[in-house]
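Structure first, then comments.
2 protein chains.
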Amino acid sequence: MFESAELGHKTDKDEYDAIEPVLRADLLDAQYDLLDLKQFAVVVLINGIDGAGKGETVNLLNEWMDPRHIQAWAFDEPTSEEAERPFMWRFWRALPPKGKIGVLFNNWYAGPIRERVERVSKRAAFDQRLEEIRRFEAMLVREGVLLIKFWFHLSKAGQKKRLKDLEKDERTRWRVTERDWRFYESYDRYHDVAGHALRQTSSGEAPWMIVDGSDPRFRAVFVGRALLTALRKRLDVVQRGWAPRQTAAPLPPAVDRLNLLNTLVLRQEMERKAYEDQLERYQGKLALLTREPAFHKRSLVLVFEGADAAGKGGAIRRVSAALDARQYRIVPIAAPSEEEQAQPYLWRFWRHLPRQGKVLVFDRSWYGRVLVERVEGYCSEADWMRAYAEINDFEDQLVVAGAVVVKFWLAISQDEQLARFKEREAEPHKRFKITEEDWRNRDKWDAYAQAVCDMVDRTSTEIAPWTLVEADNKYYARIKVLRTICEQLTRALA
Amino acid sequence: MFESAELGHKTDKDEYDAIEPVLRADLLDAQYDLLDLKQFAVVVLINGIDGAGKGETVNLLNEWMDPRHIQAWAFDEPTSEEAERPFMWRFWRALPPKGKIGVLFNNWYAGPIRERVERVSKRAAFDQRLEEIRRFEAMLVREGVLLIKFWFHLSKAGQKKRLKDLEKDERTRWRVTERDWRFYESYDRYHDVAGHALRQTSSGEAPWMIVDGSDPRFRAVFVGRALLTALRKRLDVVQRGWAPRQTAAPLPPAVDRLNLLNTLVLRQEMERKAYEDQLERYQGKLALLTREPAFHKRSLVLVFEGADAAGKGGAIRRVSAALDARQYRIVPIAAPSEEEQAQPYLWRFWRHLPRQGKVLVFDRSWYGRVLVERVEGYCSEADWMRAYAEINDFEDQLVVAGAVVVKFWLAISQDEQLARFKEREAEPHKRFKITEEDWRNRDKWDAYAQAVCDMVDRTSTEIAPWTLVEADNKYYARIKVLRTICEQLTRALA
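Line by line, the protein sequences give chains Y and V. Add 236 to the 1-based position in the first sequence for the working numbering, that's all there is to it. Add 236 to the 1-based position in the second sequence for the working numbering, that's all there is to it.
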């Protein structure tokens, strides 16, 4: 990996003085085009060996461009808020909005590489994390983010020279610590581990660029030019009216018209008396489960999806009634806000993720992409096709971080929906619940049914399975929801 | 305080069953009107004695209304992210947007009262915190927030009975801890301290309501009705076309036309050579200061204000060049986003506040309210008049939390501004910096000058003084900025 990079080059002062003013003017121009267009965000990853000029180079970029539109983030140890969320949460928090440049030091690579060098993690676990990173970056790229990855390199001899030089000078001696020399001792291992990481995560869309850090002028020009080239290339495409996403092959139509949904018996029996008994029973059980000490280190993420009037709100209220108001939050998902639109699709869900010991209820969710956005054509086919895998990755990260993820599709028949719409229109208190749009959605019943079946097929995983809830009878549906939550939570806390 | 409240009342079951369905339907209606109008947020404070039904009552409100639009927050010990910010930061984070109801348990009252009961704080310090709270709440109210404050009360005998009852039942015995009995022992002192706090912070706009917690039905009806009454009253006003802000008396015009600005000598001498020497000197000094161990527990907040083309951007770049890119962030203040517009004015500045050891640079700031918003009439006179005191309070909280706040007004003459505008128009690289609006703003030069003078008069405090920078000569201005930061930082870290 490192061998193939341009190493040992130098840029002399005259050459630099000729290049620099043109390069910085071009970079500033490109930055303002980026800001004007507001079509994509730029994420620059800065990784590599300490002392190879990472900080200095970024300072220079800030000097050359308008620093008001560059956001630099350095990641140290996670804060307590960060430590209670999935590993990637703190990086999602730092993503720049469209139009801006985010510079991320010691990002998602730093922890995995360090732990592998120190043999805290095994090779297989390391490879798995690299694979997660690869998929995460692929998602960013497909969301339109321009991802630029720099690895700052120094040879072993170069590193030794740097440390010796620093030690020689009285004014800089304090900068060399024990840790620096220890790191120098493990250089070969670090070199191997990092090389492996870079090979595994270099892709055509987001290749690693190795920066030889030994000559300050050379590395400055190298990074500046690489950034400019990437930025200008993408800007040109956008300015010429970019069609960012390839179209995937359409899904084959279902031949037999039989599917997950139309084989369900949507009306299940349950009398009021039985309902009330079981409601009390399962609410009591849920109350106890969420107060168990074992739950303090876990969290519960509930996802409610279903057709209009399927009874999501009613089911959610029966769940929340069992919980302490201080413990849960309900997030109703509507159209994204301005700030959310300037970010990758999943960002607006990441931002809500709960701390440990908390319950988060999504009233509609990230599945909007493969439901309403697919059916209404709000995103391209390629976008919703890739969303299945991205969503599985996202939920996997939730579960790894200790969340119990329970997902419900509340299924009602067309007849039952019609009856409920009419009832709502007649009832002054429920009028607000029914809009023109609800009537329009009914016309697309079959398209939605297909989308639901595909969704359940592709995202019902072992760690986060879907539960289909027969919901023509509200009592039955609410009890099934509560019972399912209790069962899955019991299993998780066991 | 507590004596005057309705205590010892009971609501019998029949009465409750008659009241409840009507009350909850009315509350739900009011909640949806609130959501439709999106004109104000509701903040409900829940404080008082444990066991007096705080959690139960909020659960009930969630059951009665639509819990998707109620956000409950409980505050325990601050997280590490919270602990590095001013005391109020975590409460600002929890404020609901317009249209929603936020329920805040153990909010800004809990810490001060507990510390006073435990004698961690003295009476004078306690009174000062209450005064800060009073001003904070007044600000919320004037920003349009409907603030409703409940204090849940139990008599000493009532509390004893509750603990004994819990201990008697095998299933609830675990809920009574040592701490509960200790608290019971200090009941009288708690009663006195809380009574004092309530008296000091009860105002006509946001009075405390004492809830007798001994009877569950009584307290539920009491809270429900109080909430409904307050909500309905405000909704009626808004629906009838509310003029939320009183107009204050206009400021007297300056008689002599002499002011802070026109007595400054805006063009100060500085040659390029002297500039370069001093630039290096002060940048080096600033670099050292921000790397001092003492700075790790502090933060630096820089505010740059000035007319268009006064050189804010150039000055900021000379400052940021001295800093490590991992350490600072520049926040350019433009028009508020949708999410920011749904919050009190200062919210969008609070959300950016830095952690310890960091530098935050505001390119324009909260002073927009008393500058552009005042001059352009974007807010009422009453709004910008009260902003002076609110801003002083805000900066006071920053300083108390360890921030060094340095504020610059870059002052240029009209002639110099004109010359710079023309230069920018001629220069392709700077074209983007000049807009129609900039030309329009020039016509209001005198109005802006008056606004600046008033601003400096009223917000140049001992802890966060303004520095007027004579900026017709850019070299001089940049050096004065750097020198001032170094001086103030040196003093603060001494």
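Idealized CB from N, CA, C, for every residue including glycine.
Residue j beta carbon less than 8 Å from that of residue i
i: V459/V; j: F386/V; result: yes
i: Y345/V; j: A433/V; result: yes
i: A700/Y; j: S535/Y; result: no
i: L399/V; j: D424/V; result: no
i: A266/Y; j: R468/Y; result: yes
i: G549/V; j: R714/V; result: no
i: A707/V; j: A625/V; result: no
i: I384/V; j: L259/V; result: no
i: F388/V; j: G431/V; result: no
i: L522/Y; j: A558/Y; result: yes
i: L538/Y; j: V642/Y; result: yes
i: V294/V; j: A561/Y; result: yes
i: R370/Y; j: T315/Y; result: no
i: V799/V; j: I349/V; result: Not covered by the structure: residue 799/V. The range shown for chain V is 237 to 730.
i: V606/Y; j: W620/Y; result: yes
i: E373/Y; j: A442/Y; result: yes
i: Q395/V; j: I566/V; result: no
i: E541/V; j: R587/V; result: no
Within-8 Å CB hit, residue i to chain V
i: R508/Y; result: no
i: P257/Y; result: no
i: E403/Y; result: no
i: D599/Y; result: yes
i: P303/Y; result: yes
i: E299/Y; result: yes
CB-CB length for residue i against residue j, believed under 8 Å
i: N709/V; j: D544/V; result: Rounded, the Cβ-Cβ distance is 18 Å, inconsistent with contact.
i: W309/Y; j: A330/Y; result: 4 Å
i: R503/Y; j: E320/Y; result: The pair is not a contact, with the Cβ atoms about 42 Å apart (cut-off 8 Å).
i: W645/Y; j: W702/Y; result: 6 Å
i: Y518/V; j: R727/V; result: Not confirmed; about 15 Å, so no contact.
i: Y711/V; j: Y511/V; result: 4 Å
i: T526/V; j: I627/V; result: About 25 Å separates the two Cβ atoms, so there is no contact after all.
i: R553/V; j: P303/Y; result: 6 Å
i: D674/Y; j: F657/Y; result: 7 Å
i: L735/Y; j: I282/Y; result: No answer is possible for residue 735/Y: it lies beyond the span of chain Y, which begins at 237 and ends at 730.
Cβ-based neighbour list, residue i, same chain, cut-off 7 Å, excluding 5 preceding and 5 following
i: N298/V; result: I306
i: E318/Y; result: W325, R326
i: K334/Y; result: K274, Q275, F276, A277, A578
i: R461/Y; result: L259
Same chain, Cβ closer than 6 Å to residue i, neighbours up to 5 away in sequence not counted
i: A683/V; result: V611
i: Y426/Y; result: V353
i: F454/V; result: H245, K246, T247
i: F585/V; result: W602
CB contact check: residue i to chain Y, cutoff 8 Å
i: A557/V; result: yes
i: V339/V; result: yes
i: N343/V; result: no
i: R235/V; result: This structure cannot settle anything about residue 235/V, because the visible part of chain V is limited to 237 through 730.
i: E672/V; result: no
i: R415/V; result: no
i: R260/V; result: no
i: E663/V; result: no
i: E631/V; result: no
Residues near residue i in its chain [Cβ-Cβ closer than 8 Å; skip 5 each side]
i: L471/V; result: A266, D269, L270, L273
i: Y564/V; result: S556, K594, V595, L596, V597
i: L497/V; result: A647, A685, V688, C689, L704
i: H532/V; result: Q592, G593
i: Q633/Y; result: P322, F323, M324, E368
Quiz item: Which residues, in order along the stretch 559-576 of chain Y, keep a beta-carbon less than 7 Å from a beta-carbon of chain V?
Solution: D560, A561, R562, R565, I566, P568, S573, E574, E575
Quiz item: What are the residues of the stretch 307-321 of chain Y that lie near chain V, defined by any Cβ-Cβ distance shorter than 7 Å?
Solution: Shown in chain order are the members of the stretch 307-321 of chain Y whose Cβ falls below 7 Å from a Cβ of chain V: Q307, A308, A310, T315, S316, E317.
Quiz prompt | Interface positions of the stretch 266-295 of chain V facing chain Y (Cβ-Cβ less than 7 Å), listed along the chain | solution = Y268, G291, V294, N295
Exercise. Compile a chain-ordered list of the residues in the stretch 528-558 of chain V whose CB is closer than 8 Å to at least one CB of chain Y.
Key: G549, I552, R553, S556, A557
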